[in-house]
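The UniProt record's numbering puts the first residue of the sequence shown at 1, with every later residue one more than the last.
Where is the CB? At the ideal position from N, CA and C, for every residue including glycine.
Predicted model only: the values in this text are computed from it and were never measured.
To keep things clear, I will list the structure first and then write my remarks on it.
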Amino acid sequence: MTIRHLKIFVTVAEMGKMRSAAEQLHISQPSVSQAIREMEDYYGVQLFERLAQRIYITENGKNLLSYARHVVESFEQFEENAFCEAKKEIIRIGGSVSVGTVLLPKLLKQLKFQQKEAEIQVTVNNTAVIEKMIENNELDIAIVEGIVKNSRLVQKEIMEDELVLVAGKAHPFFNRASIQIEELEGQSFVSRENGSAERNQFEQYLLENQIKMKCTWVCSNTEAIKQAVLNGEGLAILSRMLIKKELKEEQFHVISVEGINIKRIIKMIYYENKYFNSTMQRFAEICKNFT
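Printed below as a string of structure tokens:
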């Protein structure tokens, strides 16, 4: 029997549902069910009754609950106080380029205000690199957009974003409200590097229409891409949340491409059954409640 078992048991008893307990603890529901089953086998008693998609704590469960709470609270107090002078919590946060430019700084500002003693380490790169760093335990948690391939990574939606085609004032498309996709044939693009979510998603649409993307500028820096578009170097595919200032000042124009509407989900990702210290728990709550 471990502290982990007791923490899961107490959380299930307080939440009244396995699923709610799993969400609270940031672990999978099968892991919660397995822990409760192991406890019932260990003590040889039934701790919960399962009725009509809810669970109800038994008398044996109630007897254990008061002791379990005491043990868990004592252990948490021990963790909090035993090494507080020698060690402070560290959180390694990743972000894809678009998220790292606009969204992540806002989330980190809230985290720093609420967790003043925590050490926050940040890495910004494309989604594929960030995903690999999560897999290799080089990052604890990340905010990304685009496709995450590893099925063992937990993905929780934060908000929706849109990719749009933009032109600067010097481009012939600047005064166009919409274009046919065929008109993109031969157009110069200022693009993110291969492997970035923006480029991959849009390039896939072009390939489905037998159009090859002509990238005359390739850059991983979003600000450099925007400046190149302003200088008339070509069109670009950018997140709408990245160009609010330029649209307001009428430096950029969004062009609708008939048949293309690229919505994408910005999400928080972490490895399944990842241990969440208090700083990670706080960051997850900030992301969940962000609007």
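**OP:** Give the straight-line distance between the Cα atoms of residue 140 and residue 92, rounded to the nearest whole angstrom.
**Re:** Straight-line measurement puts the Cα of residue 92 at about 5 Å from the Cα of residue 140.
Best match in 206, 155, 173 for proximity to residue 272 [C-alpha to C-alpha]:
Here the closest residue by C-alpha is 155.
message: Using the Cβ count rule (16 or more neighbours within 10 Å means buried), how would you classify residue 37?
response: Residue environment for residue 37: exposed (fewer than 16 other C-beta atoms within 10 angstroms of its C-beta).
ask   = To which residues does DSSP link residue 267 through a beta bridge?
value = DSSP lists 144, 157 as partners of residue 267.
Cutoff 7 Å; reference residue 101; Cβ partners in own chain excluding five residues on either side:
Closer than 7 Å at the Cβ level, and outside the excluded window around residue 101, lie 222, 242.
Contiguous beta strand (DSSP E) assignments of at least 3 residues, all confined to the UniProt domain "HTH lysR-type" (1–58): Runs of the beta strand (DSSP E) inside the UniProt domain "HTH lysR-type" (1–58): 48–51, 54–57.
| field | Cβ-Cβ separation, residue 252 to residue 216 (assumed contact under 8 Å), whole Å | value | Not a contact, Cβ separation roughly 18 Å.
Cβ pair residue 51, residue 60 closer than 8 Å | Contact flag unset, no.
* **Rounded C-alpha distance that separates residue 257 from residue 181** => So the two alpha carbons sit approximately 6 Å from each other.
**OP:** Tell me whether residue 106 sits in a helix, a strand or coil according to DSSP, three-state version.
**Re:** In this structure, residue 106 counts as helix in the three-state DSSP scheme.
- Taking contact to mean at least 3 C-beta pairs separated by less than 8 Å, is the stretch 190–197 in contact with the stretch 64–77? The way I'd put it, the stretch 190–197 doesn't touch the stretch 64–77; fewer than three beta-carbon pairs between them come closer than 8 Å.
Q: Take residue 201 and list the residues in its own chain whose beta-carbon comes closer than 6 Å to its own, dropping the five residues that flank it on each side.
A: Excluding five sequence positions before and after residue 201, the CB atoms of its chain that fall closer than 6 Å to its own CB belong to 262, given in chain order.
Per DSSP, the bridge partner or partners of residue 252 | As a beta-bridge residue in DSSP terms, residue 252 pairs with 168.
In terms of DSSP beta bridges, what is residue 216 paired with? For residue 216, DSSP assigns no beta-bridge partner whatsoever.
- Please name the residue, chosen from 288, 157, 56, that lies closest to residue 14 on a Cα-to-Cα basis. Answer by Cα proximity: 56.
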